[in-house]
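For reference, the structure is listed below as structure tokens.
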Amino acid sequence: MSTQSRIGAIGEYYDNLLMVDATIRGVSVPQQAASLLCAKLQERATLITTRLKYLAAKRGITSEALWLEILKGNYKELTDEEMQAIDTLEAWQA
Numbered sequence: 121m122s123t124q125s126r127i128g129a130i131g132e133y134y135d136n137l138l139m140v141d142a143t144i145r146g147v148s149v150p151q152q153a154a155s156l157l158c159a160k161l162q163e164r165a166t167l168i169t170t171r172l173k174y175l176a177a178k179r180g181i182t183s184e185a186l187w188l189e190i191l192k193g194n195y196k197e198l199t200d201e202e203m204q205a206i207d208t209l210e211a212w213q214a
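Position 94 of the sequence shown, counting from 1, maps to 214 under our numbering, and the rest follow consecutively.
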């Protein structure tokens, strides 16, 4: 399954910086933007995984189950009532 990401405007300064960066590298602006985004996501992978484990523990499910729920578009923030019903976060290890 592949999806194309849509990213909003980044502002004049960053747009210009991206254009210069892409030109110097000899690639298109979209190619350079995708490359930079992938690099940043790789850098943050451990943090993202830690946050996923925490959110899964709050829901009493595995991080794998939460991952799938997010990919399916079924993720919802906990309601106040659901939050009050949480007794422990033992499954979460920061």
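For each residue, glycine too, the CB sits at the ideal point set by N, CA and C.
Inclusion of Val149 and Leu138 in the CB contact set at 8 Å is warranted, their separation being smaller than that value. Contact between the segment 152-164 and the segment 127-141 is present: 3 or more CB-CB pairs across the two stretches fall below 8 Å. For Ile181, no alpha helix (DSSP H) segment is defined, and its DSSP state is neither H nor E.
Inclusion of Leu186 and Arg179 in the CB contact set at 8 Å is warranted, their separation being smaller than that value. Take the alpha-carbon of Tyr195 and the one of Asp135: they are about 32 Å apart. Within the model, the alpha-carbon separation for Glu197 versus Gly128 is close to 23 Å.
For Asp207, the closest C-alpha among the options Ser183, Ala177, Lys173 is that of Ala177. Rounded to whole angstroms, the gap between the alpha carbons of Gly193 and Leu172 is 15 Å.
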